[in-house]
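There are 2 protein chains.
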Amino acid sequence: MQKIVLIGSGNVAHHLAQALYDAGHQILQVISKNKANASALAQKVNADFESDLGKIKRADFAIVAVNDDAIAEVASKIKKLPVAHTSGSVSVENTAVFYPVQTFSKGISLELKEVPFCVSSQDKAFEKTLIQVAKSISNKVFKIKEKQRKVLHLAAVFACNFTNQMYTIAEQLLVESALDFEILKPLIAETANKIQANDPQNAQTGPAKRKDLQTITNHIALLEDKDLIDVYKLISNQILKQE
Amino acid sequence: MQKIVLIGSGNVAHHLAQALYDAGHQILQVISKNKANASALAQKVNADFESDLGKIKRADFAIVAVNDDAIAEVASKIKKLPVAHTSGSVSVENTAVFYPVQTFSKGISLELKEVPFCVSSQDKAFEKTLIQVAKSISNKVFKIKEKQRKVLHLAAVFACNFTNQMYTIAEQLLVESALDFEILKPLIAETANKIQANDPQNAQTGPAKRKDLQTITNHIALLEDKDLIDVYKLISNQILKQE
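In order, the protein sequences belong to chains V and W.
In this note's numbering, each residue carries its 1-based index in the first sequence increased by 36.
In this note's numbering, each residue carries its 1-based index in the second sequence increased by 36.
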């Protein structure tokens, strides 16, 4: 059981605080400038609420779960405790990494047990502690190097943000033709489901995969937006070049 | 209950035959040049097997579930029956459309009840029959126009094939850095899951969404493949421009 100070009160902080509390750790304090969010969170996990970082309590360590661009400043103000942050991309000296590889949204609850946690620290004793803590809340804990984390975060942008942009484009195309986005939802679910057990390259289907240049030409003719034409051509060409 | 001749013995033909049979329709014949696949399928749904289109039986209608580039030729050889094909993109004169919007793979079974079927025909009586048949195997049946079907198929390429290409890129990046693709699977599942109940544009997260140009610059610096740099820039710019 660890005594933890949690800094931040956003989606990641909420999910982490609850899971750590449920796993038997003690959240001593929730520190955040957002009083409403933070005091509600503190109450839920039986912690004190504080808005002044200068009044941080003595704990085993602190987790900084704030926006990427605020991490360095927050970490620099914590002198008494080992510090870990939850970001996939930020590097801060003397700060360990406790990175849950997932997209967290307000109001959408998640089974943290299935969320991979990537841990790294230059301080090997602290790294060991963080791995134990990660294992207490997740079944999927990975020790990774700094360079690996940066690549992982980049890959996550393709797998999550860019994928979501493909959904956005698809929805816009449907709406412009008075079609219901509901029609594509089972396809989207199955496309994601397929790669849980199959290599994505092997799971590929569609006109570019079967080198059906006629359909590709027809599709490009249907598109009016130059950006969409560029996206269509670029990704189709990538698939055409494969294998 | 309809008497149906099924032409083809691939993934779509297999899924359709089984569902139609289970719904109480009679599959009179499975016609295909692929003897092994087709005779196995015919046996499963208590149908006759035939390889010669000239020997097609009198039925209520025929469903052509063959590769896109073979549909026109097959349909032209069927003179005695109304014909529908299962393609999202092909248009053949005097041929109706019975298009299941899903990605079918060998060995992956699917709940057809949840697969949207898009139906259209110039023959309104036949269209009505097809809608009834679609409703007997699926809860999600849509009557669509020709132009709508083409846009829908284009949108499906973005939502399925291009999304799968994003997974492929993500996996390649991980493999090059000795990371396990397993780390991204929960994120991929949750990204697809989120848009089942949320508008994809609202569900967007990540560096481009929060206009974090520093992270975007760092990511581009990590990429070595020119194609991937182009994809990264193009899609990020699209997200940056939104709202």
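Cβ atoms here follow ideal geometry from the backbone N, Cα and C, with glycine treated the same way.
For a cutoff of 8 Å on Cβ pairs, would you count residue i as touching chain V?
| i | result |
| --- | --- |
| Gln201 of chain W | yes |
| Ser213 of chain W | yes |
| Gly321 of chain W | Not covered by the structure: residue 321 of chain W. The range shown for chain W is 37 to 279. |
| Lys230 of chain W | yes |
| Ala125 of chain W | The sequence shown places Ser at residue 125 of chain W, not Ala. Interface residue, yes. |
| Ile219 of chain W | yes |
| Glu207 of chain W | yes |
| Val110 of chain W | no |
In whole angstroms, what separates the C-alpha of residue i from that of residue j?
| i | j | result |
| --- | --- | --- |
| Asp96 of chain V | Lys269 of chain V | 53 Å |
| Lys93 of chain V | Asp159 of chain V | 21 Å |
| Asn82 of chain V | Ile167 of chain W | 57 Å |
| Asn47 of chain V | Asp263 of chain V | 32 Å |
| Asp105 of chain W | Ala214 of chain V | 28 Å |
| Asn351 of chain V | Ser87 of chain W | Residue 351 of chain V falls outside the range modelled here, since chain V spans only 37 to 279, and no answer is possible. |
| Val133 of chain V | Ala111 of chain V | 12 Å |
| Val100 of chain W | Lys69 of chain W | 13 Å |
| Asp261 of chain W | Gln237 of chain W | 28 Å |
| Lys221 of chain V | Phe194 of chain W | 12 Å |
| Asn73 of chain V | Ser45 of chain V | 6 Å |
| Leu148 of chain W | Lys181 of chain V | 44 Å |
| Ser75 of chain V | Tyr135 of chain V | 24 Å |
Is there a C-beta anywhere in chain W that falls below 8 Å from the one on residue i?
| i | result |
| --- | --- |
| His255 of chain V | yes |
| Ala239 of chain V | yes |
| Ser156 of chain V | no |
| Val133 of chain V | no |
| Ser87 of chain V | no |
| Ala225 of chain V | yes |
| Val267 of chain V | yes |
| Arg150 of chain V | At residue 150 of chain V the sequence reads Glu, which differs from the Arg that was named. Taking Cβ atoms only, chain W reaches closer than 8 Å to Glu150 of chain V, which makes this a yes. |
| Lys142 of chain V | no |
| Lys186 of chain V | yes |
Nearest CA to the CA of residue i: which residue from the options?
| i | options | result |
| --- | --- | --- |
| Pro243 of chain W | V:Cys196, V:Leu259, V:Ala101 | V:Cys196 |
| Lys113 of chain W | W:Asp248, W:Val128, W:Leu258 | W:Val128 |
| Glu218 of chain W | V:Cys154, V:Lys171, V:Ala214 | V:Cys154 |
| Ile9 of chain V | W:Phe140, W:Glu260, W:Asn70, W:Lys245 | The first residue shown for chain V is 37 and the last is 279, placing residue 9 of chain V beyond what the model contains. |
| Met202 of chain V | W:Leu190, W:Lys186, W:Val211, W:Glu212 | W:Leu190 |
| Leu64 of chain V | V:Asn73, V:Lys80, V:Lys71 | V:Lys80 |
| Thr227 of chain W | V:Ser125, V:Leu146, V:Val119, V:His121 | V:Leu146 |
| His121 of chain W | W:Phe162, W:Leu276, W:Ser272, W:Lys149 | W:Phe162 |
| Thr204 of chain V | V:Ser75, V:Ala53, V:Val267 | V:Val267 |
| Ala212 of chain V | W:Thr251, W:Thr165, W:Gln184 | It is Glu, not Ala, that sits at residue 212 of chain V in the sequence shown. If we check each option's Cα against that of Glu212 of chain V, W:Gln184 comes out closest. |
| Ile173 of chain V | V:Lys39, V:Tyr57, V:Ile40 | V:Tyr57 |
| Lys176 of chain V | V:Val151, V:Leu276, V:Lys116 | V:Val151 |
Check the DSSP bridge columns for residue i and list the partner residues they point to.
| i | result |
| --- | --- |
| Tyr135 of chain V | V:Cys154 |
| Asp159 of chain W | None, per the DSSP bridge assignment. |
| Ala98 of chain W | W:Val41, W:Val119 |
| Glu86 of chain V | V:Ile67 |
| Phe178 of chain W | W:Cys154 |
Quick one: using the 10 Å Cβ neighbour count with 16 as the cut-off for buried, is residue i buried or exposed?
| i | result |
| --- | --- |
| Gly90 of chain V | exposed |
| Gln278 of chain W | exposed |
| Met37 of chain V | exposed |
| Gly60 of chain W | exposed |
| Glu207 of chain V | buried |
| Lys186 of chain W | buried |
| Thr253 of chain W | exposed |
| Ala257 of chain W | exposed |
| Lys164 of chain W | exposed |
At a threshold of 7 Å, does residue i count as lining the ligand COA (C-beta to nearest heavy atom)?
| i | result |
| --- | --- |
| Gln232 of chain W | The ligand COA is not part of the structure shown, which contains no ligands of any sort. |
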